[in-house]
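Sequential numbering of the sequence shown, starting at 2, is according to the numbering used here. Beta carbons are placed, not taken as given, at the ideal position from N, Cα and C, and that holds for glycine. All figures in this text were calculated on a predicted structure; none of them were measured in a lab. One structure is given below, encoded as structure tokens.
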Amino acid sequence: GNPQRHVRQAVLEKECGELLRFLKNRMEPEEPGKEGAGGGAGRGGGAVASGLTPGSAPMLAPTPAPMSAPATTPPAATRPEDEDLLDRQQEVDVLRREVDTLTIRANNVHLTQAGKYAAKKKLAMARARLLREERQMKAAR
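Structure below.
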């Protein structure tokens, strides 16, 4: 698609240096590595690799970082209902990580409208599964 549709009109009307700074700040951490393969080494030098120019602040809010779930160790002697509860807790932890990953993917500004729709739909389904599992786990206690 047209990359200018992802940038506000007020930013497009600024001078070239400010526009380049905005776009560099908007790049994702994975993109500088990809740029080297595309022959973009002569475009920005070291400033592109860091994503920020000296003395500038990012113009966008940072994306939420995925939550890391604490490692759980099962007790030595467990009853069958405790094992079921531990299995549910592990499944809830997996679903939380999936929701975090899908949230980051849905907030990606480089997605097409169809991609955004699909990502939001997957996110809604994962959130529903997470809520269902949390309620079942709470009811089992």
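Would a C-beta distance cut-off of 7 Å place residue i and residue j closer than the cut-off?
| i | j | result |
| --- | --- | --- |
| LYS127 | GLU92 | As written in the sequence, residue 127 is Ala, which differs from the Lys given in the question. No, the pair does not count as a contact, with Cβ atoms beyond the cut-off. |
| ALA107 | LEU124 | yes |
| MET138 | ARG89 | yes |
Check the C-beta distance from residue i over to residue j and give it rounded, since I have them as a contact under 8 Å.
| i | j | result |
| --- | --- | --- |
| LEU13 | LEU20 | 7 Å |
| ALA120 | LEU112 | 6 Å |
| VAL150 | HIS7 | Nothing can be reported for residue 150: it is not among the residues displayed for the chain, which extend from 2 to 142. |
key: Entirely enclosed alpha helix (DSSP H) segments - the region 73-132, minimum 4 residues   = Runs of the alpha helix (DSSP H) inside the region 73-132: 81-107.
key: Those runs of the alpha helix (DSSP H) which lie wholly inside the region 6-31 and span at least 4 residues   = 10-13 and 17-27, all fully within the region 6-31.
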